[in-house]
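>
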Amino acid sequence: MALVFTVLQKIIEIYSWALIIYILMSWFPNARESSIGQILARICEPYLEPFRKIIPPIGMMDISPIVAFLVLNFASSGLHSVYTWLA
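So the sequence shown is numbered by our numbering: it starts at 124 and just counts up by one.
Written out as structure tokens, the structure reads:
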């Protein structure tokens with residue numbers, strides 16, 4: 124059981140870093156058009172899309188990635204709570 128928990132936590136951690144990098148790439152011109160940007164887009168956009176449908180942009184600022192990142196952190200905390208409850 125500990126192995127499953129550790130693997131899931133690492134996957135969430137790696138995905139969180141991918142989201143952070145993808146979000147930061149939007150600050151640099153043409154960064155998302157690079158090969159790394161396209162790979163990250165294929166990984167991150169399916170997760171970000173539902174949040175973008177629910178949360179409209181505020182002016183020029185899109186806060187949906189912040190909410191998506193918070194949901195991912197809540198999922199990680201919930202996973203940890205379930206593991207400690209079962210152990």
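Where is the CB? At the ideal position from N, CA and C, for every residue including glycine.
Using the Cβ count rule (16 or more neighbours within 10 Å means buried), how would you classify Leu142?
Taking the sequence shown and counting its residues from 1, one reaches residue 142 at position 19. Its Cβ being crowded by 16 or more others within 10 Å, Leu142 is buried.
> What residue from Ile134, Thr129, Ser149, Lys133 has the CA that sits closest to Met78's CA?
The requested residue 78 does not occur in the structure, where the chain is confined to residues 124 to 210.
> Taking 8 Å as the cut-off, decide whether the C-beta atoms of Ala191 and Ile135 are in contact.
The count along the sequence shown starts at 1 and reaches residue 191 at position 68. The count along the sequence shown starts at 1 and reaches residue 135 at position 12. The answer is no: Cβ separation not under 8 Å.
> Here's the rule I'm using: 16 or more other beta-carbon atoms within 10 Å means buried, otherwise exposed. How should Leu179 be labelled?
Translated into the one-based positions of the sequence shown, residue 179 becomes position 56. As written in the sequence, residue 179 is Pro, which differs from the Leu given in the question. That one is exposed.
> Suppose only complete runs of 4+ residues qualify. What are the alpha helix (DSSP H) ranges in the region 153-204, listed by chain order?
If we require 4 residues or more, the alpha helix (DSSP H) runs fully inside the region 153-204 come out as 158-177.
> Measure the CB-CB distance between Ser139 and Leu195 and report whether it falls below 8 Å.
Residue mapping note: residue 139 aligns to position 16 of the sequence shown, counting from 1. Residue mapping note: residue 195 aligns to position 72 of the sequence shown, counting from 1. Cβ distance < 8 Å, so Ser139 and Leu195 count as in contact.
> When you compare only the Cα positions, how much space is there between Arg175 and Ile146?
By one-based count along the sequence shown, residue 175 stands at place 52. By one-based count along the sequence shown, residue 146 stands at place 23. Each residue's Cα considered, the two are about 13 Å apart.
> Compute the distance between the beta-carbons of Ser157 and Leu171, then report whether it is under 8 Å.
Taking the sequence shown and counting its residues from 1, the one referred to as residue 157 is at position 34. Taking the sequence shown and counting its residues from 1, the one referred to as residue 171 is at position 48. Contact: no.
> Does DSSP classify Ala141 as helix, strand or coil?
Here the question's residue 141 lines up with position 18 in the sequence shown. Here Ala141 sits in helix by DSSP.
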